[in-house]
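Position 155 of the sequence shown, counting from 1, maps to 143 under the numbering used here, and the rest follow consecutively. The C-beta atom is built at its ideal place from N, Cα and C for all residues, glycine as well. See below for the structure under consideration.
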Amino acid sequence: GPVDGERDALLKLKGHLEADRTVFQSGLNAGEAGALLIHNFFTDRPVIVATAAELADPEALFLRAFRESGGISFLTVGGKENRAWAIRAGATAWDAARAIHTDIQKGFIRAEVIGFGDFMGAGGETEAKRAGKQRVETKGYVMCDYDVVNFRFHK
-11 GPVDGERDAL
-1 LKLKGHLEAD
9 RTVFQSGLNA
19 GEAGALLIHN
29 FFTDRPVIVA
39 TAAELADPEA
49 LFLRAFRESG
59 GISFLTVGGK
69 ENRAWAIRAG
79 ATAWDAARAI
89 HTDIQKGFIR
99 AEVIGFGDFM
109 GAGGETEAKR
119 AGKQRVETKG
129 YVMCDYDVVN
139 FRFHK
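If you want it as C-alpha cells, here you go:
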C-alpha cells in the first residue's frame, strides 16, 4: 500500500543520506519521490556552491545550476523566432510540447526532430532535412539536450 511505498522509499533514502548525499542526489524514481513529497525535505532541491571563477562569470554559474538541477533545452527554429525552451531532463516530446503551449500538447500529432549534432553538422535546418537527418517521433520520445523540434498538432 501507500504506507509501504513510503517506508521503502525512506529506507532507500536512508542509505543515501548516510553516504552524505542530499535527497536531490539520491536518484529516487518518480514513485519513490512522490511517496516522500509529504515530508518536504529541504535537500530535495539542488544545492549549488559557486566557485570564485563563477562569481566573476554569473552566466557560467547560471548554466551550471540549470544543468545540475536537471535542466535541458530544446530548440524551435524557423518563422519569426528561433528560441530555446527549458524542460527537465527525461521529459518526453509530449511534455516538451506543453512548454510551448498547452494547445500544442493537447493537439499533439508528432514531433519532427533533428539532433543538435546533425543540425550543426549539416549547417542548419533545411540542410539537415535534405540530408535525411529529421526524424518523426511520437509523444513518448525522450527529448535530448538541444534537440531541434517542430511540433505538428491539431488546432
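Residue 51, buried or exposed, once every other Cβ within 10 Å from all chains shown has been counted against 16: exposed
Residue range of the beta strand (DSSP E) that includes residue 92: Premise fails: residue 92 lies in the alpha helix (DSSP H), 90 to 94, not in any beta strand (DSSP E).
So residue 125 is in the beta strand (DSSP E); what residue range does that whole segment cover? 123 to 125
Euclidean distance between Cα positions of residue 55 and residue 80: 17 Å
Excluding the 5 residues flanking residue 38 on each side, which residues of the same chain have their C-beta closer than 6 Å to its C-beta? 49
Using a Cβ-Cβ cutoff of less than 7 Å, which residues in the same chain neighbour residue 127 once the five nearest sequence positions on both sides are dropped? 80, 81, 82 and 96
Residue of 121, 109 and 84 minimising C-alpha distance to residue 132: 84
Could you compute how far the alpha carbon of residue 111 sits from the alpha carbon of residue 15? 37 Å
For residue 102, which option in 8, 118 and 10 has the closest C-alpha, if you only look at C-alpha atoms? 118
By the three-class DSSP mapping on this structure, what secondary structure does residue 83 have? helix
Using only alpha-carbon positions, find the residue among 98, 91, 53 and 70 that is nearest to residue 76. 53
Alpha carbon of residue 27 to alpha carbon of residue -1, nearest angstrom: 14 Å
Would you say residue 63 and residue 136 are within 8 Å of each other, going by their C-beta atoms? yes
Three-state secondary structure (DSSP) at residue 26? helix
Just the C-alpha distance for residue 23 and residue 60, rounded to the nearest angstrom, thanks. 25 Å
For residue 99, which residues from the same chain have a beta carbon less than 7 Å from its beta carbon, with the 5 sequence-adjacent residues on both sides left out? 81, 125, 129, 137 and 139
Closest to residue 5 by CA distance: which of -6, 41, 29 and 18 is it? 29
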